[in-house]
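Numbering (our numbering), first residue to last: -18 to 21.
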């Protein structure tokens, strides 16, 4: 039972990082589109 807790915690942490990465990717895409709009 004790060894399960860190594992679940890692999964939780990983999903959190994944969510953050997706958010950052969307942010970068939006910035890129804004830059393109500025130049064209």
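Cβ atoms here follow ideal geometry from the backbone N, Cα and C, with glycine treated the same way.
Owing to the predicted nature of the structure, the values given are computational and were not obtained by experimental measurement.
Straight-line CA distance for residue -12 to residue 19? For the purposes of this step, residue -12 is taken as residue 7 along the chain shown, with counting starting at 1. For the purposes of this step, residue 19 is taken as residue 38 along the chain shown, with counting starting at 1. In this structure, the alpha-carbon of residue -12 lies about 47 Å from that of residue 19.
Could you tell me the alpha carbon to alpha carbon distance between residue 5 and residue -1, rounded to whole angstroms? In the chain shown, counting from the first residue as 1, residue 5 sits at position 24. In the chain shown, counting from the first residue as 1, residue -1 sits at position 18. If you take the alpha carbons of residue 5 and residue -1, they lie about 10 Å apart.
Could you give the distance in angstroms between the alpha-carbon of residue 16 and the alpha-carbon of residue 2? On the chain shown, residue 16 is found 35 positions in, with the first residue counted as 1. On the chain shown, residue 2 is found 21 positions in, with the first residue counted as 1. If you draw a straight line from the Cα of residue 16 to the Cα of residue 2, it comes to about 21 Å.
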